[in-house]
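Going line by line, the protein sequences match chains F and R. Take 17 as the starting number for the first sequence in the numbering used here and just add one per residue. Take 17 as the starting number for the second sequence in the numbering used here and just add one per residue. Backbone N, C-alpha and C define an ideal beta-carbon position, used for all residues, glycine too. Since the model is a prediction, treat every value here as computed from it, not as a measurement. Below is one structure, written out as structure tokens; comments come after it.
Number of protein chains: 2
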Amino acid sequence: MAFLTACKLQDPVTIADKLFLDLRRAILEGEIPAGKKISEPELAAAYGVSRGSLREAIGKLENCNLVTRKPNIGARIIGFSTEQLLEIYQIREATEGMAARLAAEHMTAEELVHLRKILERHQAEIAQHQRYSQHDVDLDFHFSIIQGSKNKRLIRMLCQDLYDLVRFYRFRLKSGFSRSEQAFQEHNLIVSAIERRDGEMAETLMRHHIRASRDYACKLLEQMPLSDT
Amino acid sequence: MAFLTACKLQDPVTIADKLFLDLRRAILEGEIPAGKKISEPELAAAYGVSRGSLREAIGKLENCNLVTRKPNIGARIIGFSTEQLLEIYQIREATEGMAARLAAEHMTAEELVHLRKILERHQAEIAQHQRYSQHDVDLDFHFSIIQGSKNKRLIRMLCQDLYDLVRFYRFRLKSGFSRSEQAFQEHNLIVSAIERRDGEMAETLMRHHIRASRDYACKLLEQMPLSDT
DNA sequence: CTTGGTTATAGTGTCGACATTATAGCCGCA
DNA sequence: TGCGGCTATAATGTCGACACTATAACCAAG
């Protein structure tokens, strides 16, 4: 899962950081059900840590938009809604479009080679109908382009905050999610534009790609609405 | 300062929240010098609170990107750099462009009236050469459009996180910052496009506007580089 | 005088306990 | 029986103290 290397905290040193990563994974993978209220004493006991450390970890989760807190009431895991998913797609369209434009300007030759390799992996997995891991390939693709923008703040905004939500939703839609062939073609066009250093075109293509992805997700949601688990 | 009403925590109930707002203001207005390391015991004593509450407040400041923390080392106020300022402009171009597009689709008639009023205020202040408060008018303008997008996550991302940084930099550039007339014309065009419900044009104009603002800031920086205060 | 190691000190991370607030259950009353 | 207020309980907010880490000052050897 190369896309995880984009995150900081690869090797957490403090208890609160370890807890944060543990809880984040548990939330993203549905181990802790969405919308559930967090009981600080309960969770602290379950993980064998103090409430102070737990609160610090919850604070970080709040920054990642994975939990919401209200004063004197407590924290609860975020729920999901079609509305929120559409909001995320709108933000991705704008920011990743810009990222693609910047990547076309700033990506190094080595990074372009890496991008091409991701495409090859993608193609190989399509040939073998490995639709499960396709998600990782897709995330790797988008992460690489974001990294290529060289805009540190943009990278943090997307890789560290927004993409947690993307993974959160993607995990729930995983079952029927297979737009691989079409997505691969679109990825291919984007990379070509970046290789030509055509930032304008790269941005346009990326925005189209994300909009297509959104439309597909919407269709899925109409057939199979999200359930609270 | 109507633009502050866009923030949550209007009336903080908990000590940590009050501290957070206090510290945020102090940082934005340069009361605490940029780049300064934070001593938890010192600050806690200065504000008469416990270190625990202070740490919670610092955590929130970290989410706003106003301080950075390293494990076992501590937190320090962010510094500023031309590079970072350019990064922020790139993000604003993408996200506020999208916000303008969405605002053209979703803004209500009342919100459009409010926008027009802001333009009138802007014009009045130009006539009186009140360049100081022009910044507030400008922030109000951008805040209103962001709010008009009706994308809750986008609103939070911009109003709650990114715009703290905008204010942080704007405070340091305040002295020579007067692009009022030009900015007013651009604002006018944007509002017209939104009134026509022309999202495509609104996005284009907003992106041009922010790019022009960036270019102006760059010129200022060449003449008068940022000093660490 | 410089450099490497050692010790002292200040600071951060962690914890358990107390104060305050929200919530749920219960009782009394209409 | 239904509703309003009260009480008890549990949870969150806050605090002070201890443990561990990084830094700075100091000393000794070259």
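Query, Result
"Residue burial classification, F:Val-207 (beta-carbon count within 10 angstroms, cutoff 16)", "buried"
"Length of the line joining the Cα atoms of R:Cys-23 and R:Gln-176", "Its pLDDT being 49, under 50, R:Cys-23 is placed unreliably in this model, and the value from its coordinates should be taken loosely. Rounded to whole angstroms, R:Cys-23 to R:Gln-176 spans 6 Å at the Cα level."
"Cα-Cα separation between R:Lys-168 and F:Thr-98, rounded to whole angstroms", "13 Å"
"Against chain R: residues of the segment 93–113 of chain F by CB proximity under 8 Å", "Gln-100, Glu-103, Ile-104, Gln-106, Ile-107, Glu-109, Ala-110, Thr-111, Gly-113"
"For F:Ile-94, the three-state DSSP class (helix, strand or coil)", "coil"
"Spatial neighbours of R:Ala-32 in its chain, beta-carbon cut-off 7 Å, leaving aside the 5 residues before and after", "Ser-69, Glu-72, Ala-73"
"Rounded separation between R:Glu-56 and R:Ala-119 - CA only", "43 Å"
"Sheet register partners of R:Ile-246 (DSSP bridge)", "Past the edges of chain R, shown from 17 to 245, lies residue 246 of chain R, and the structure says nothing about it."
"Contact list for the segment 171–184 of chain F against chain R, Cβ threshold 8 Å", "Met-173"
"Simplified DSSP state of R:Val-29, which is helix, strand or coil", "coil"
"Alpha-carbon to alpha-carbon, R:Arg-85 and R:Ile-94", "10 Å"
"Neighbourhood of F:Glu-47 by C-beta distance below 7 Å, restricted to the same chain and skipping five residues each side", "none"
"Chain F contact for R:Gly-75 (CB, 8 Å cutoff)", "yes"
"Residues bridged to F:Val-83 (per DSSP)", "F:Ile-93"
"C-alpha gap between F:Lys-166 and R:Gln-139, whole angstroms", "38 Å"
"Environment of R:Gln-239 [buried if 16+ CB atoms lie within 10 Å]", "exposed"
"From F:Phe-157, F:Ile-134, F:Ala-199, F:Thr-30, residue whose alpha carbon lies closest to that of R:Pro-87", "F:Thr-30"
"Cβ neighbours of F:Asn-204 in the same chain (closer than 7 Å, five flanking residues each side left out)", "Leu-135"
"N- and C-terminal bounds of the alpha helix (DSSP H) containing R:Met-217", "215–239"
"Residues near R:Glu-211 in its chain [Cβ-Cβ closer than 8 Å; skip 5 each side]", "Leu-128"
"CA nearest to the CA of R:Glu-109, picked from R:Glu-141, R:Val-182, R:Asp-214", "R:Val-182"
"Continuous alpha helix (DSSP H) stretch holding F:Ile-134: start and end", "125–143"
"Endpoints, alpha helix (DSSP H) assigned at F:Lys-168", "168–171"
"Cβ-Cβ distance between R:Glu-202 and R:Met-114 below 8 Å", "no"
"Between the CA atoms of F:Gly-75 and R:Arg-67 - distance to the nearest angstrom", "16 Å"
"Short CB-CB distance (under 8 Å) between F:Gly-164 and chain R", "no"
"Straight-line Cα distance separating R:Arg-188 from F:Met-17", "Low local confidence applies: a pLDDT of 48 at F:Met-17 is under 50, so the model's placement there is unreliable, and no value is given."
"Sub-8 Å separation of R:Arg-40 and R:Leu-102 beta-carbons", "no"
"Minimum C-alpha distance to R:Ile-142 - residue among R:Ala-50, R:Phe-200, R:Asn-79", "R:Phe-200"
"Local Cβ density within 10 Å of R:Cys-80, reported as buried at 16 or more and exposed below that", "buried"
"Sub-8 Å separation of F:Leu-221 and F:Ala-233 beta-carbons", "no"
"Cut-off 7 Å between Cβ atoms - residues of its own chain near R:Leu-35, not counting five sequence neighbours on either side", "Tyr-63, Val-65, Ser-69, Leu-70, Ala-73"
"Per-residue contacts from R:Leu-67 into chain F (C-beta, under 9 Å)", "Looking at the sequence shown, residue 67 of chain R is not Leu but Arg. Chain F residues near R:Arg-67: none, gap ~11 Å exceeds 9 Å."
"C-beta neighbour in chain R for F:Val-83, strict 8 Å", "no"
"Three-state class that DSSP yields for R:Val-65 in the structure shown", "coil"
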